[in-house]
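So the structure is just underneath, and the comments pick up after that.
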Amino acid sequence: MDRIIVASGERRLIDQAGRTFFVLGVNYEGYHDRAWQMWEAETFDLALIERDFRKAKEVGFNAVRLFVQRALALEIQSGNFDKLDWVLELASRQKLYVLLALNDAHWLNLTNVGELGGQIAEHCRGNPTLLAYDLENEPKLYHLLAAVYPEDYPSPVHSLALVDHYGEQVNRDEVKRRQQEHRIPAHLDDDMAYYYANALELFIAFDRAFNQWHSQSGGTIVEYIRS
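Residue numbers (my numbering): 301 to 527.
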């Protein structure tokens, strides 16, 4: 398969001949009777995966998004890449590029998540079937606020930046009460819980303000942010 790259200085993908490559892809979570369980030992079936990949190609898709779920992640952490390699080979046979979504399980220890992603990237280095990596599948605000970041890469939301800019929304006594009521993740220390609670309150206020604005103007959230 041709390697697909980002055109230098542009916002488009190109193949080795310089032709624009338009991604027409589909999410793939396994055969219909085992969706979200395709990597489990009891349900992993290469014949069924190959059948679906063939169908995808026949109807015009040129890419699939695959998800590194818990079962696959644990095998890779132990050094076993067999399942991933087999499935990438099946995709290659059908000329399907793969967008690989990492951390589908939303593990919160991002040091471990980064190490796993590094293992995968190193193992798959140079494989033209890999179109790109999706660092985390559909992260929500909770996943950003509750995550444990590497010490060398602190998150901006895990600081006083929002409180200093917008003012305190939730005081520390209230934060402790909410954490005791299991409304704030128990693994967060006092400071992290404080940052979490204040960021969440600001997000709720933002969401409320946008919905009120949208009901009056009909505009999109991007237009609201730019207004």
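For each residue, glycine too, the CB sits at the ideal point set by N, CA and C.
Short Cβ contact (8 Å threshold) for residue i with residue j
{"i": "residue 401", "j": "residue 368", "result": "yes"}
{"i": "residue 437", "j": "residue 409", "result": "no"}
{"i": "residue 450", "j": "residue 411", "result": "yes"}
{"i": "residue 415", "j": "residue 390", "result": "no"}
{"i": "residue 496", "j": "residue 504", "result": "no"}
{"i": "residue 331", "j": "residue 345", "result": "yes"}
{"i": "residue 316", "j": "residue 333", "result": "no"}
{"i": "residue 326", "j": "residue 356", "result": "yes"}
{"i": "residue 446", "j": "residue 488", "result": "yes"}
C-alpha gap between residue i and residue j, whole angstroms
{"i": "residue 475", "j": "residue 525", "result": "28 Å"}
{"i": "residue 519", "j": "residue 343", "result": "45 Å"}
{"i": "residue 377", "j": "residue 419", "result": "8 Å"}
{"i": "residue 443", "j": "residue 492", "result": "13 Å"}
{"i": "residue 508", "j": "residue 339", "result": "40 Å"}
{"i": "residue 396", "j": "residue 361", "result": "8 Å"}
{"i": "residue 499", "j": "residue 469", "result": "8 Å"}
{"i": "residue 405", "j": "residue 370", "result": "6 Å"}
{"i": "residue 599", "j": "residue 383", "result": "Given a span of 301 to 527 for the chain in the structure shown, any question on residue 599 remains unanswerable."}
{"i": "residue 430", "j": "residue 393", "result": "13 Å"}
{"i": "residue 335", "j": "residue 464", "result": "45 Å"}
{"i": "residue 407", "j": "residue 477", "result": "26 Å"}
{"i": "residue 441", "j": "residue 359", "result": "36 Å"}
Which of helix, strand or coil DSSP assigns to residue i
{"i": "residue 317", "result": "coil"}
{"i": "residue 491", "result": "helix"}
{"i": "residue 452", "result": "coil"}
{"i": "residue 370", "result": "helix"}
{"i": "residue 400", "result": "strand"}
{"i": "residue 311", "result": "coil"}
{"i": "residue 305", "result": "strand"}
{"i": "residue 434", "result": "strand"}
{"i": "residue 412", "result": "helix"}
{"i": "residue 327", "result": "strand"}
C-beta neighbour in chain B for residue i, strict 8 Å
{"i": "residue 480", "result": "Considering every chain present, this structure includes no chain B. It has just one protein chain."}
Cut-off 6 Å between Cβ atoms - residues of its own chain near residue i, not counting five sequence neighbours on either side
{"i": "residue 432", "result": "399"}
{"i": "residue 479", "result": "493"}
Proximal residues to residue i (C-beta, below 7 Å), its chain only, five neighbours per side dropped
{"i": "residue 466", "result": "502"}
{"i": "residue 306", "result": "313"}
Close Cβ partners of residue i (< 8 Å) along its chain, the five nearest in sequence each way excluded
{"i": "residue 521", "result": "510, 514"}
Residue i classed as buried or exposed, judged by whether at least 16 other C-beta atoms fall within 10 angstroms
{"i": "residue 366", "result": "buried"}
{"i": "residue 458", "result": "buried"}
{"i": "residue 353", "result": "buried"}
{"i": "residue 387", "result": "buried"}
{"i": "residue 363", "result": "buried"}
{"i": "residue 413", "result": "buried"}
{"i": "residue 320", "result": "exposed"}
{"i": "residue 435", "result": "exposed"}
{"i": "residue 379", "result": "exposed"}
{"i": "residue 341", "result": "exposed"}
{"i": "residue 373", "result": "buried"}
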